[in-house]
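Trainee:
2 protein chains.
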Amino acid sequence: MAMANGFASINNGVPDEESITAPLLHLRRSTSNNTSQIAIVGSNPCPIESLDYEIMENDVFKQDWRSRSKIQIFQYTSLKWCLCFLIGTAVGLIGFFNNLAIENIAGIKFVITSDKMLSNKYTQAFFIFAAANLGLTLFAVSITAFIAPETAGSGIPEVKAYLNGVDAPAIFSFRTLLIKIVGSIAAVSSSLNVGKAGPMVHTGACIAALTCQGGSKKYWLTWQWFRFFNNDRDRRDLVTCGSAAGIAAAFRAPVGGVLFALEEMASWWRSALLWRAFFSTAIVAILLRGLTDLCLSGKCGLFGTGGLIIYDVTSVNISYHLRDVPPVLLLGVLGGIAGSIYNFLLGKVLRLYTLINEKGTTYKILLACTISILTSCLLFGLPWFAPCHQCPPGATEPCPTIGRSGNYKKFQCQPGHYNELASLFFNTNDDAIKNLFSKDTDTEFHSLSVLIFFITCFILSILSYGIVAPVGLFIPVIVTGASYGRLVGLLIGSTSNLNHGLFAVLGAASLLGGTMRMTVSLCVILLELTNNLLLLPLIMLVLLISKTVADAFNANIYDQIMSFKGFPYLETHAEPYMRQLTVSDVVAGPLRVFNGVELVANIVHVLRTTGHNGFPVVDEPPVLYGLILRSHVITLLKKKCFLESPRLDVDAVDRFSASDFAKQGVGYQDRIEDVELTEDEMEMYVDLHPFTNSSPYTVVETMSLAKALTLFRGVGLRHLLVVPKTSERQPVVGILTRHDFMPQHILGLHPMLERSKWKRLRFKFPLWNKIF
Amino acid sequence: MAMANGFASINNGVPDEESITAPLLHLRRSTSNNTSQIAIVGSNPCPIESLDYEIMENDVFKQDWRSRSKIQIFQYTSLKWCLCFLIGTAVGLIGFFNNLAIENIAGIKFVITSDKMLSNKYTQAFFIFAAANLGLTLFAVSITAFIAPETAGSGIPEVKAYLNGVDAPAIFSFRTLLIKIVGSIAAVSSSLNVGKAGPMVHTGACIAALTCQGGSKKYWLTWQWFRFFNNDRDRRDLVTCGSAAGIAAAFRAPVGGVLFALEEMASWWRSALLWRAFFSTAIVAILLRGLTDLCLSGKCGLFGTGGLIIYDVTSVNISYHLRDVPPVLLLGVLGGIAGSIYNFLLGKVLRLYTLINEKGTTYKILLACTISILTSCLLFGLPWFAPCHQCPPGATEPCPTIGRSGNYKKFQCQPGHYNELASLFFNTNDDAIKNLFSKDTDTEFHSLSVLIFFITCFILSILSYGIVAPVGLFIPVIVTGASYGRLVGLLIGSTSNLNHGLFAVLGAASLLGGTMRMTVSLCVILLELTNNLLLLPLIMLVLLISKTVADAFNANIYDQIMSFKGFPYLETHAEPYMRQLTVSDVVAGPLRVFNGVELVANIVHVLRTTGHNGFPVVDEPPVLYGLILRSHVITLLKKKCFLESPRLDVDAVDRFSASDFAKQGVGYQDRIEDVELTEDEMEMYVDLHPFTNSSPYTVVETMSLAKALTLFRGVGLRHLLVVPKTSERQPVVGILTRHDFMPQHILGLHPMLERSKWKRLRFKFPLWNKIF
């Protein structure tokens, strides 16, 4: 197949439908093969290990299952709960200290700059501000580019792809975890318009993946109990819990975290998982609450009483009536359009940045520095255009605020006056959001200032995401959306009796809905942020509308990034044209089959010349015995339990234990090149029967692709055997893998479908694509 | 099979693994066959139609799919959204008027009784109170028993079973809907300790099922567009949305409703469904808000400003610390134990009541009347034992309250005094909950009173659920739990600085967690009820603990009721022993197979002598062609498109349209007895090929039952063909249906598993079972 271009060397030049590598599907259009589209997958391209939820029913595993005692089952269950507890605790602690670090670093920066400005040393203030930002950005980008390029970006697409069965290389290593945490702190503190929620999700997932790799010999944790977690299902369960805990820690939104994991991240969901994720986020919530209480006494430096980003808009009685609905509808529609434009532009910018980043580390760093300097200039420069306003006499807060937090920033104004733009620009994003969401501030901001802030945020957040550092999208979208909402509120003016803080919340909801396209989870996250349930009906309305509008134009931002990175993400829904194709229309390539008792030399030859991860095992007379995994065959070869003559090996099961075949750590795989065999051994035989999954799922060749996808996706398969309709021919005609369901693959084989009526309905703007 | 006892007449005496009837699995222990275990399924036993999410790939459907234009796809999508809108609107309106009616009827009753008591006519007051209650109960029970016995109970188990693929007879008819609404209003108004949330869920589901039956000729809606909804998937999707809307309307908890549908109701869940359910509940929320606003002006009689049950415990700053955690843990553990005892006792009482109700309608009515009189006596009598207290001087509400709502009831006390027990007993459940949840009332109630109230509620709610009327469990559990929580709060006293209203909320959470065993959805429902997000960590903690504790003893209440009613509910998880069995261990009974071109007489004979719903179609030489559904065969026979000689019928597809084979309404099925054929026709042939699903899912006979269940459950199948390992024998060895996965069936075939180590871990108390 033409697709396996860059990695043919792994497969010794033989085409293969399975060893899909991350940047591959997309790289067809790319020019160079040794550098990738996006930094995260570029530095370490290795085959992606696919998910497998199928119960492997070979004799060894059956034996193992039968020998499990009640105590072992109890061990397993209690350990799983302990791991959830551990994950919750670790993520909660990291989330808290992450925030503490950001608030303090950014805080000190703002305090020093403000002090200089108070003594009228404006140029000096600017240079300090810009230098601090540049230094922090440089640090974040350098550690990312040199140590762990796979940590660039938010990490949500990678984790989502992992939960769908695509293992991007090195996303869950200890190195990744460390760089993600440190890099994210530096990047967010550097006043770039980037978020920390995405990195927190990746951090949570990383912690979860690492805790359940205790069985792996690479880490010092080789406790016996961990052997139960050497399988896909448990690992993915825990990673789901980890990502839920991540959102819970980032937004202090435990229920929102669970729903986020459910709605956006997880591809397979079970009720038990809901409960477990809920447990992890409960731990996070309790921990955060306790630690924030500790900080109330002022021991946390500049962290103050803020306590993570909790925007308490509890104005006890918000009243709204039927006549407030039309402006809210308008807000939703416009937010949806803005969201889809945001996604479109972000995609284009990512494409451009990839071209730049591909040229080498120097270019990556230069790009990030440019963005940092641009950001510093805008943040420091734009407030000068805003006029100074007199402090309102009855303000509930001190005005102007000297220091870092607060609604009224003095900036360059005389005492007793404040600069409204500085209140937004010259603050951390969290504080800007807090200011925009705050009630009783309808007179503080004016439409021109908010417009300037909105446009700047919109552009900066698009420009900042693509740099090679651990940065997220959530917070930038919220701050942009909030300013958009305030703007709408200001323009509508007195025709609506909703206050502008409420408009800001609804604006944030609409832009989030327009870019992320979630519903329930965003709704709950926003409710938990604002702590006011009375907003619920309006937020629901806005989210529904903006998602519907935006869905008419393009896909959600994470799906877009995933497809851009070339992850073979398996959708739940079949594309309409899949009902027009049968399974045999997409199965291609020569099928490699093993005999039940096979010559070692044959096995080695097949393994060396193909990259397939599963092989049908066929007995004489031609009848399908089952399916054997590549990794299991390699284990067999390593153990060298060979037979002199071709016969059944009845006591083979006793020479192996299930742990010999346990799944390796994420991204790690045994290779056939590492197996060394003598000439004599090559002439011997192996009885594959005891190690073959004797009851693989099969479909008949006339089944439609859509129906096969239902099975493949519903059960969570890695291989699906295709059997012939009539039994006269060979007992198996092909293997379906994830790759065969990818639209790119199918449309490549059947190009006429591209123009058929069986495509999903969506508005298209070919002109736009030409311009950008 | 010995199981098909009561309904052998339908199958003409031939055993059958498929036509499972609702009360069947359980009736093995029952003595009589013509009366059923529980009223709801007893009056109208008819075969259950199972769910089928499989894409039927026969030539007719393929043709239909190919001919669909883009406009039709657009029609389908927009109609589906319109239906969601309709469902939301209808459920919102019904929920509101339901509440309005209950508040007014119960309100008038309490006002009249109070008036009599003010003029010291206590005996008269009691008789008015008791008579009103008796009358309302009698009305509710009579209409239920005589018109629609299937509406008895909460309806949640029936809807949950339906969403799992079990169609209990007549649960979604127009008659059911009407009786459910009217009966629930009467039952709740009659001061029985019963809830309205369960009936609201059933109402919502009913409305959803009825709206998408527009294509059915039984109803006046035969609009062409509705033909797209003649399939299982869409119907079940809408019923899920309906049940979410039901909870949203009952508790004014839109997000909680979605989560309830997700966590408790739905067996198959897709992301698109989340969005659609969210839309329905958003409509409900907006509608309720608007209607409640209308009532604020006082036009809704005694409905007042209450506005559904919204218990606003917004005490702006709840502070709790580490030392408050131990009492909360204790609360959770005890709540879990209490919940499992509740479930155990409720099961026993239901069993007893069934024996009584089986004796006839008179007994049903007598039973309900006894409960009503008992309830009236307790509610009116117990407050006399409580001492009168002086009204607190600084009370925020008028004390004593004359009328229906309020914290301080005068009852028999002198002016200026209140009776604390009357505040709880002599109120609607909603008001009692409101009083228990209210803050700043720590001194109002005393531990003895609360203890009396708790015990009475606990007993009454268990005794009331089993009567033949549309009554729910949610509210009784909340009120019982709230009193339990207050009691714990009172006993702990000043060692904790949590206020007692908060303890009541946590108590309600713990008992709900202990009986219903939900986590996220209960958490969100409680948050939406109490409107205070600061409670979140504590509620999460309590729910997790109480669920864990209770799960160690027995199953959740709805599952218990479902298994008691004999619904063959298909669990997601395989029982441990299912990994020890292969598929061929449970497939039994003679397999009936059709030839590709079959004699009409043969078909009629097979259909008349078996009740199977699917038949393998086999071609010569023995090769499996596919699977044909009973209903499709009957349609073919009705159309009489027969052939003179056994040959392929190439243009058969053109004589049929897909709508000929469309799924009938819920619970409705064509019967072979209604097909009349002449002798000549019996000697003719039918070509089954164009109507046969040519790509059914198959499993190999050596597959473990657990693995087959994963496929069966994961994809949502109704039939699963079992093929032989070697191809020498017949091409198909059996059909697996839902029934074959039922623990009762499997343990019946393999009794030794009952005592094996492959059973789920759970504490058992054989002694208890002997006593009760």
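Sequences listed follow chains A and B, in order.
Counting from 0, one number per residue, gives the positions in the first sequence under numbering that gives the first Met the number 0.
Counting from 0, one number per residue, gives the positions in the second sequence under numbering that gives the first Met the number 0.
Where a beta carbon is used, it is the ideal one built from N, C-alpha and C, also for glycine.
Look up I627/A in the DSSP assignment and give the residues it is bridged to.
Mentor: Stepping through the first sequence from its first residue, residue 627/A is reached at position 628. According to DSSP, which records beta bridges pairwise, I627/A is partnered with F614/A.
Trainee: Below 8 Å on the Cβ atoms is my contact criterion, and I expect G480/B with G500/B to pass it. Report the Cβ-Cβ distance as a whole number of Å.
Mentor: Taking the second sequence and counting its residues from 1, one reaches residue 480/B at position 481. Taking the second sequence and counting its residues from 1, one reaches residue 500/B at position 501. Contact doesn't hold; Cβ gap of about 13 Å is too wide.
Trainee: Chain B partners of L781/A, CB-CB under 8 Å?
Mentor: Residue 781/A is absent from the structure shown; chain A starts at 0 and stops at 771.
Trainee: How would you list, in chain order, the residues of chain B whose beta-carbon sits under 9 Å from the beta-carbon of K179/A?
Mentor: Here residue 179/A is taken as the residue at index 180 of the first sequence, counted from 1. Neighbours of K179/A on chain B: none; closest Cβ ~26 Å, over 9 Å.
Trainee: Rank F109/A, V721/A, T571/A by C-alpha distance to the C-alpha of L623/A and give the top, closest one.
Mentor: In the first sequence, residue 623/A corresponds to position 624, counting from 1. Nearest option by C-alpha distance: V721/A.
Trainee: K195/B: buried (16+ other C-beta within 10 angstroms of its C-beta) or exposed?
Mentor: Along the second sequence, read from residue 1 onward, the residue named residue 195/B stands at position 196. So K195/B counts as buried.
Trainee: Would you check if there are 3 or more beta carbon pairs closer than 8 Å linking the segment 729 to 743 of chain A to the segment 566 to 574 of chain A?
Mentor: The segment 729 to 743 of chain A vs the segment 566 to 574 of chain A: in contact.
Trainee: Extract the residue ranges of the alpha helix (DSSP H) inside the segment 352 to 381 of chain B, only unbroken runs of 4 or more that lie entirely within it.
Mentor: Entirely contained in the segment 352 to 381 of chain B, the alpha helix (DSSP H) runs reaching 4 residues are, in chain order, 360 to 380.
Trainee: If you drop the 5 nearest sequence neighbours on each side, which residues of the same chain put their C-beta closer than 6 Å to that of G625/B?
Mentor: One-based indexing of the second sequence puts residue 625/B at position 626. Cβ neighbours of G625/B beyond the five flanking positions: V616, T691, N692, S693, P695.
Trainee: With N98/B as the anchor, note down where its alpha helix (DSSP H) starts and where it stops.
Mentor: Here the question's residue 98/B lines up with position 99 in the second sequence. Per DSSP, N98/B belongs to the alpha helix (DSSP H) from 69 to 117.
Trainee: Kindly say whether H320/A, judged by its beta-carbon, lies nearer than 8 Å to any beta-carbon of chain B.
Mentor: Position 321 of the first sequence holds residue 320/A. With 8 Å as the cut-off, H320/A counts as an interface residue toward chain B.
Trainee: Using a beta-carbon distance cut-off of less than 7 Å, what residues from the segment 240 to 264 of chain A approach chain B?
Mentor: Within the segment 240 to 264 of chain A, the residues whose Cβ lies closer than 7 Å to some Cβ of chain B are P253, V254, V257, E262, listed in chain order.
Trainee: By a C-beta neighbour count over all protein chains shown, 10 Å radius and 16 as the cutoff for buried, is R670/B buried or exposed?
Mentor: Within the second sequence, residue 670/B is the residue found at index 671, counting from 1. By the 10 Å Cβ count, R670/B comes out exposed.
Trainee: What are the residues of the segment 689 to 704 of chain B that lie near chain A, defined by any Cβ-Cβ distance shorter than 9 Å?
Mentor: If the cut-off is 9 Å between Cβ atoms, the segment 689 to 704 of chain B has S693, S694, P695, Y696, T697, V698, V699, E700, T701, M702, S703 near chain A.
Trainee: Which residues mark the beginning and the end of the beta strand (DSSP E) in which A388/B is found?
Mentor: Numbered from 1 along the second sequence, position 389 holds the residue referred to as residue 388/B. For the record, residue 388/B in the displayed sequence is His; it is not Ala. 387 to 389 is the extent of the beta strand (DSSP E) around H388/B.
Trainee: Take every Cβ of the segment 256 to 270 of chain A, pair it with every Cβ of the segment 159 to 177 of chain A, and state whether three or more of those distances are shorter than 8 Å.
Mentor: They touch, by the three-pair rule.
Trainee: When the Cα atoms are used, what is the spatial distance from C83/A to V523/B?
Mentor: The residue given as residue 83/A occupies position 84 in the first sequence. The residue given as residue 523/B occupies position 524 in the second sequence. Roughly 21 Å separates the two Cα atoms.
Trainee: In whole angstroms, what is the alpha-carbon distance linking T547/B and F277/A?
Mentor: Translated into the one-based positions of the second sequence, residue 547/B becomes position 548. Translated into the one-based positions of the first sequence, residue 277/A becomes position 278. Their Cα atoms are separated by approximately 13 Å.
Trainee: Does DSSP put Y341/B in a helix, a strand or coil?
Mentor: Taking the second sequence and counting its residues from 1, one reaches residue 341/B at position 342. Looking at Y341/B - three-state DSSP - the assignment turns out to be helix.
Trainee: For S270/B and chain A, any beta-carbon pair shorter than 8 Å?
Mentor: Position 271 of the second sequence holds residue 270/B. Answer yes: the Cβ-Cβ gap between S270/B and chain A drops below 8 Å somewhere.
Trainee: Within its chain, find whatever has a CB closer than 6 Å to the CB of R174/A; leave out the 5 residues flanking it on each side and keep chain order.
Mentor: The residue you call residue 174/A lines up with position 175 of the first sequence. Around R174/A: A147.
Trainee: Is there at least one Cβ from chain B nearer than 8 Å to F277/A's Cβ?
Mentor: Here residue 277/A refers to the residue found at position 278 when the first sequence is read from its first residue. It does; some Cβ of chain B falls within 8 Å.
Trainee: Could you tell me how far apart the beta carbons of L642/B and V685/B are, in whole angstroms, since I believe they sit closer than 8 Å?
Mentor: Looking up residue 642/B in the second sequence gives position 643. Looking up residue 685/B in the second sequence gives position 686. Yes, they are in contact, since the Cβ atoms of L642/B and V685/B sit about 7 Å apart, within 8 Å.
Trainee: Whole alpha helix (DSSP H) runs in the segment 691 to 760 of chain B with 4 or more residues, listed along the chain?
Mentor: Complete alpha helix (DSSP H) runs here, min 4: 704 to 714, 742 to 748.
Trainee: Do you know whose CA, among F128/A, A247/A, L78/A, lies nearest M199/A's CA?
Mentor: Residue 199/A sits at position 200 when you count from the first residue of the first sequence. Cα-wise, what sits closest to M199/A is A247/A.
Trainee: When Cβ atoms are compared, which residues of the segment 411 to 443 of chain B fall closer than 7 Å to chain A?
Mentor: Per Cβ criterion, the list is empty.
Trainee: For L688/A, collect the residues of the same chain with a Cβ closer than 6 Å to its Cβ; drop the 5 residues on either side in sequence, then sort them by chain order.
Mentor: Sequence index remark: in the first sequence, residue 688/A carries index 689 (1-based). Checking the displayed sequence, the identity of residue 688/A turns out to be His instead of Leu. The answer, listed in chain order, is G595.
Trainee: What residues from chain A crowd round P536/B, counting only those whose CB sits closer than 8 Å?
Mentor: Here residue 536/B refers to the residue found at position 537 of the second sequence. Within 8 Å Cβ-Cβ: P253, A281, A284, I285, R288.
Trainee: Taking Cβ positions only, does R578/B come closer than 8 Å to chain A?
Mentor: Your numbering for residue 578/B matches position 579 in the second sequence. Yes, its Cβ sits closer than 8 Å to a Cβ of chain A.
Trainee: Could you tell me which chain B residues have their CB closer than 9 Å to the CB of L543/A, listed as they occur along the chain?
Mentor: Looking up residue 543/A in the first sequence gives position 544. Here the neighbours are W274, F277, F278, A281.
Trainee: My assumption, with CB atoms under 8 Å, is that G415/B sits in contact with S279/B. Please give the rounded CB distance.
Mentor: Indexing the second sequence from 1 puts residue 415/B at position 416. Indexing the second sequence from 1 puts residue 279/B at position 280. That pair is no contact at about 50 Å.
Trainee: Output yes or no for whether 8 Å exceeds the beta carbon distance between I370/A and I466/A.
Mentor: Against the first sequence, residue 370/A aligns to sequence position 371. Against the first sequence, residue 466/A aligns to sequence position 467. It is a contact, given that the beta carbons lie within the stated cut-off.
Trainee: Determine whether the Cβ of G214/A lies closer than 8 Å to any Cβ atom of chain B.
Mentor: Locating residue 214/A in the first sequence gives position 215, counting from the first residue. Annotation note: pLDDT 40 at G214/A (below 50); position unreliable, no value reported.
Trainee: Please report the residue range of the beta strand (DSSP E) in which H416/B lies.
Mentor: The residue labelled residue 416/B in the question sits at position 417 within the second sequence. From DSSP, the beta strand (DSSP E) with H416/B extends over 416 to 418.
Trainee: Excluding the 5 residues flanking F453/B on each side, which residues of the same chain have their C-beta closer than 6 Å to its C-beta?
Mentor: Indexing the second sequence from 1 puts residue 453/B at position 454. Within the same chain, F453/B has close Cβ partners S482, Y483, L486.
Trainee: Looking at the unbroken alpha helix (DSSP H) that takes in Y161/A, where does it start and where does it end?
Mentor: Position 162 of the first sequence, counted from the start, is the residue given in the question as residue 161/A. It spans 155 to 163 - the alpha helix (DSSP H) in which Y161/A sits, taken as one unbroken run.
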